[in-house]
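Worksheet: the structure to be examined is printed underneath.
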Amino acid sequence: MIGLTIVYSVMQIPFGIFILSGFIQALPKELEDAATIDGCGIFGTFFKIMLPLSRSGLITVGIMNALTYWNDYIIPMTLINSPEKYTVSLGLVFMQGEMQYSVDWGILFAALVISVIPVFLIYIFFQRHIREGLTAGALKG
């Protein structure tokens, strides 16, 4: 599991930097200057002003990373050896393989629907943040 964590971290850091750099560059520089004039230090400016303003971007990166992990198939198949630790997608394929030549499609599709429900609910609750986070750094203005 440590190997899987390392691989996912290395894969998702560039995506997070790409999304958040455009998002943070779109934040007004005047807010940072005003905080400095008011006596706020570098860390105070970041944690009290910039970080709360970049909440939509952070939520977007978090959700996109979670969806990538949830739907991934190849990397867990390569790095996970025991069926007890399989991800959802690997578990569904393993379940289909256990049925051998007579696949019970009703059970398989019920499992697919159950596996889609968390992703669907996350998107429903955070769709505004996802939309704001993906479009915030798109235009300079």
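Position 85, counted from 1, in the sequence shown is what the working numbering calls 72; the numbers after and before it change by one each time, with no gaps.
All C-beta atoms in this analysis are idealised placements derived from N, C-alpha and C, irrespective of residue type, glycine included.
In this text, all values refer to a predicted model and were calculated from it rather than measured experimentally.
Under 8 Å between C-beta atoms of residue i and residue j
i: threonine 32; j: glutamate 17; result: no
i: isoleucine 67; j: tyrosine 60; result: no
i: methionine 82; j: alanine 98; result: yes
Residue from the options whose Cα sits closest to the Cα of residue i
i: glycine 49; options: Ser8, Gln12 and Gln(-1); result: Gln(-1)
i: methionine 51; options: Ile6, Leu14 and Asp25; result: Ile6
i: isoleucine 11; options: Gln87, Thr47 and Leu38; result: Leu38
i: serine 43; options: Gly3, Glu71, Ala22 and Trp57; result: Gly3
Element boundaries [alpha helix (DSSP H), containing residue i]
i: leucine 7; result: -11 to 12
i: methionine 37; result: First-last for methionine 37: undefined, no H or E at that position.
i: valine 80; result: 75 to 85
Backbone secondary structure at residue i - three-state DSSP
i: asparagine 68; result: coil
i: aspartate 215; result: Residue 215 falls outside the range modelled here, since the chain spans only -12 to 128, and no answer is possible.
i: valine 43; result: Residue 43 is actually serine in this sequence, not valine. Correct three-state label for serine 43: helix.
i: aspartate 20; result: helix
i: serine 89; result: coil
i: proline 105; result: helix
Buried versus exposed call for residue i [16 or more other C-beta atoms within 10 Å across all chains shown]
i: valine 75; result: buried
i: serine 69; result: exposed
i: serine -4; result: exposed
i: threonine -8; result: exposed
i: glycine 84; result: exposed
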